[in-house]
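Numbering (my numbering), first residue to last: 845 to 1242.
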């Protein structure tokens, strides 16, 4: 059967910002303008967590700027309004419980319960096919580090790890029952191996009929492309569908700094060109094996998205193929998300929620990312300015 394609332009600002009214556009413009001041973002990265801890009167300002732009609300119930707005705009959601940093068994159990609540909530919505899960929300970082280094665990640690594995399996079982996908976030390289092994083990059990569980591959790492290919081979050999979320990576400075301090070779590529090469090759590889791979192309890079579109056209893969999703963060790169969606591609916004104080680390990374990724903030500003001008030029309708 032939498949008809339409060319996708990321310059259609009317489609990109149909989700936003005039007032919102102006607010977003000034927020990105502030984030474009590198020194201010760098200063805020250190000051905001401090002023929040000291209970200084800045909560309202943060809530009305960074928080409103990049988060869906404080509670699962708060998310409903944002989810409905995105649904009305034809956008899917990867729902994320954005709380980080607390490491007790009680908190891990609470987080597990929250993930299960998310699955139940998602199953009742028409546009939430996935939730995101962080293993550092279910297990101690030091325990993961010890497992990664293949150090011998104490009996207590073995029990602790068993409980963490059971938590993830409980989440996956619930997801299977409700037909919701689970995307396990990637972590730092020194704690990643036990997560990889656990997720692959569970995939062999739960991804037999469809891709429920997804592994995240950070392609800025020099070894991830080879690992992806190995995992695709395992899926083919063992008769399951590999869930593969493709990202460039979130811990670049941290990875390089630790490698330099501890005297081992950096696990990440030396430059962006090498990362881009591996990322784009990963897209090509997944497209070649869609019978065995369900992939989520999670990127703000226009060229990578255009490559995926081109490959789908060449291979006559339908734009709404169930094994191909695109994803961008909520509050960023709407020109990619909404223009892809307009042309029939499956697109998700990664939507975190949680108490303001607990999602500060996430918000700081978003602000830093907009400053450090070449041209990211300038691109957002240019497109928003273009859309504001377009709306002003429209004839007034009585």
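Glycine included, each C-beta is placed from N, C-alpha and C at the ideal position.
With a floor of 4 residues, list each alpha helix (DSSP H) that falls wholly inside the stretch 1132-1213, ordered by position along the chain. 1146-1158 and 1178-1186
With H, G and I counted as helix, E and B as strand and the rest as coil, what does DSSP make of residue 1079? helix
Can a CB atom of chain B be found closer than 8 Å to the CB of residue 1198? Included in the structure is just one protein chain, with no chain B present.
Taking the straight line between their C-alpha atoms, what separation do you get for residue 1141 and residue 1114? 22 Å
What are the partner residues of residue 1086, as DSSP defines its beta bridges? 1137
Quick check on residue 1083: buried or exposed, where buried means 16 or more other Cβ atoms within 10 Å of its Cβ? With fewer than 16 Cβ atoms within 10 Å of its Cβ, residue 1083 is classed as exposed.
Whole angstroms is fine: what's the gap from residue 1153's alpha carbon to residue 949's? 44 Å
Strictly by DSSP, which residues pair up with residue 1065? 1112
Which value, in whole angstroms, describes the spacing of the CA atoms of residue 1028 and residue 977? 5 Å
Output the boundary residues of the beta strand (DSSP E) element that contains residue 943. No beta strand (DSSP E) holds residue 943; DSSP gives it neither H nor E.
Range covered by the alpha helix (DSSP H) that runs through residue 858: 857-860
Environment of residue 865 [buried if 16+ CB atoms lie within 10 Å]: Burial is judged here by how many other beta carbons sit within 10 angstroms of a residue's own beta carbon; residue 865 has fewer than 16 and is exposed.
When DSSP labels each residue in this structure, what does residue 995 get in the three-state scheme? coil
Member of 1016, 996 and 962 whose CA lies at the smallest distance from the CA of residue 937: 962
Identify the continuous beta strand (DSSP E) that holds residue 923 and give its terminal residues. Careful: residue 923 lies outside any beta strand (DSSP E), inside the alpha helix (DSSP H) at 920-932.
Could you tell me which of 1005, 975 and 981 sits nearest to residue 832, measuring between CA atoms? Residue 832 lies beyond the stretch modelled for the chain, which goes from 845 to 1242, so this question has no answer here.
Quick one: residues in its chain with C-beta nearer than 6 Å to the C-beta of residue 1138, no 5 flanking neighbours on either side, listed in chain order? 1055, 1085, 1087 and 1167
Where residue 1006 falls: helix, strand or coil (DSSP): helix
Go to residue 852, then tell me how far its alpha helix (DSSP H) extends in each direction, as first and last residue. Unbroken run through residue 852: none, as it is neither H nor E.
C-alpha gap between residue 1106 and residue 1074, whole angstroms: 29 Å
For residue 943, collect the residues of the same chain with a Cβ closer than 6 Å to its Cβ; drop the 5 residues on either side in sequence, then sort them by chain order. 1198 and 1202
Figure out for me which residue from 1008, 1182 and 933 has the closest Cα to the Cα of residue 955. 1008
If we ignore side chains and look at the alpha-carbon of each, how far apart do residue 1236 and residue 1230 end up? 10 Å
Could you give the first and the last residue of the continuous beta strand (DSSP E) run that contains residue 976? That run of the beta strand (DSSP E) goes 974-977.
Can you give the Cα-Cα distance for residue 845 and residue 1190, rounded to whole angstroms? Confidence at residue 845 is low in this model, with a pLDDT of 41, below 50, so the placement of that residue should be treated as unreliable; the coordinate-derived value is given next. Cα to Cα, the separation comes out at about 20 Å.
Quick one: residues in its chain with C-beta nearer than 7 Å to the C-beta of residue 1275, no 5 flanking neighbours on either side, listed in chain order? Not covered by the structure: residue 1275. The range shown for the chain is 845 to 1242.
In chain order, what residues of the same chain lie with their CB nearer than 6 Å to the CB of residue 1132, ignoring the 5 residues before and after it? none
Paired residues, beta bridge with residue 1027 - DSSP: 976 and 1058
Sheet register partners of residue 902 (DSSP bridge): According to DSSP, residue 902 bridges with nothing at all.
Between residue 852 and the rest of its own chain, which residues show a CB-CB distance below 7 Å, the 5 nearest in sequence each way excluded? Setting aside the 5 residues that flank it on each side, residue 852 is surrounded in the same chain by 1153, 1183, 1184 and 1187, each with a C-beta closer than 7 Å to its C-beta; the list follows chain order.
Cα-Cα, which of 1048, 1119, 1145 and 1037 is closest to residue 1064? 1119
Mind reading off the beta-carbon distance from residue 1178 to residue 863? Whole number of angstroms is fine, and I expect it under 8 Å. Contact between residue 1178 and residue 863 holds, with the beta-carbon distance rounding to 7 Å and staying under 8 Å.
On a Cα-Cα basis, can you pick out the residue from 1117, 1110 and 990 that is closest to residue 1098? 1110
Does the Cβ-Cβ distance between residue 916 and residue 1196 come in under 8 Å? Between residue 916 and residue 1196, the CB-CB gap stays under 8 Å.
Minimum C-alpha distance to residue 1121 - residue among 1108, 1091 and 1135: 1091
From 1050, 998 and 1181, pick the residue whose C-alpha is nearest to that of residue 933; which is it? 1181
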